[in-house]
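Working notes, beginning with the structure itself.
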Amino acid sequence: MVSSSTEGGAWCARDISLRAQKKFLSRVGGNSSARALVLDEHAAKLLDQFLIVLRERVEKREAEKLVKHVIKSAVKLGVLRRHSQLSAADDRALEAFRSKFHTVLMAVVSFCEVEFSYDRGFLQDALRDSHQSLKSVVERHLSDKSVSRLAGVFALASRGELLDSLFSGQVDEDVLKLSRMLRKELDRGLL
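Per the working numbering, residue 1 is the first one in the sequence shown, and the count goes up by one each step.
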């Protein structure tokens with residue numbers, strides 16, 4: 001849950017500042033010019049390619065909303081980390097998320113590189129585990145609306161029909177391009 005703006009009953013400028021930054025970033029998180037301010041070039045390109053892939057499979061608005069929610073969540077967690085608002089337990093949970101999500105990304109790359117390796121159940125379980133790790137942190141620091149948005153991101157990403165359209169049968173060129181981009185970032189140790 002979002003922390004209050006008082007510390008020991010007194011007004012606390014740091015907490016007000018943190019809330020203001022999170023609110024500002026939630027407002028500009030969908031703008032392409034704002035993305036350049038909060039995402040590095042590689043992450044922005046990955047998300048743009050992910051958006052291209054999603055637009056082919058779900059409604060344009062739903063795809064854009066999903067990417068916007070990913071950006072907002074990442075930026076808000078980055079702000080919390082930068083302002084030392086995360087406990088040691090939060091840091092461990094984020095590291096567990098990173099490890100589990102790394103498994104998801106490696107599976108995605110593998111499904112594109114190795115024919116007939118797609119396993120929907122494995123990917124859905126890995127996404128569910130990733131979500132649970134991240135949810136434990138987000139619930140303590142972000143609003144219920146942010147928690148709900150994040151749940152929506154993972155629900156959409158875990159849809160069986162979406163996953164099947166990505167990986168069963170012949171993988172299309174946009175998905176292969178995303179896979180190559182992911183492989184490059186994984187090899188560089190950035191994901």
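Note that beta-carbon positions come from the ideal geometry of N, C-alpha and C, so glycine has one too. Keep in mind the model is a prediction, meaning the values are calculated, not measured.
- By the criterion of a C-beta distance shorter than 6 Å, Val147 is surrounded in its chain by Val138 and Glu139, once the five residues flanking it on both sides are discounted.
- Leu186 places its beta carbon 9 Å or farther from that of Phe154.
- Separation of the CB atoms of Leu142 and Lys76 is rounded to 6 Å, and the pair is thereby assigned contact status at 8 Å.
- Beta-carbon to beta-carbon, Ala43 and Leu51 are separated by about 12 Å, too far to satisfy the 8 Å threshold.
- If you ignore the 5 residues before and after Glu41, its C-beta comes within less than 7 Å of no other C-beta in its own chain.
- 9 Å or more divides the Cβ of Leu178 from the Cβ of Gln85.
- A straight-line Cα-Cα distance of about 32 Å links Met181 and Ala88.
- Under a 10 Å Cβ-count criterion, Val114 is classified as exposed, with fewer than 16 other Cβ atoms of the shown protein chains found around its own Cβ.
- In the structure shown, Gln49 falls within a helical segment according to DSSP collapsed to helix, strand and coil.
- Put simply, the backbone Cα of Asp119 is about 13 Å away from that of Arg159.
- It is roughly 28 Å from the alpha-carbon of Gln170 to the alpha-carbon of Gly152.
- A straight line joining the alpha-carbon of Ser168 with that of Glu95 spans about 30 Å.
- Here DSSP, grouped into helix, strand and coil, assigns Ser87 to coil.
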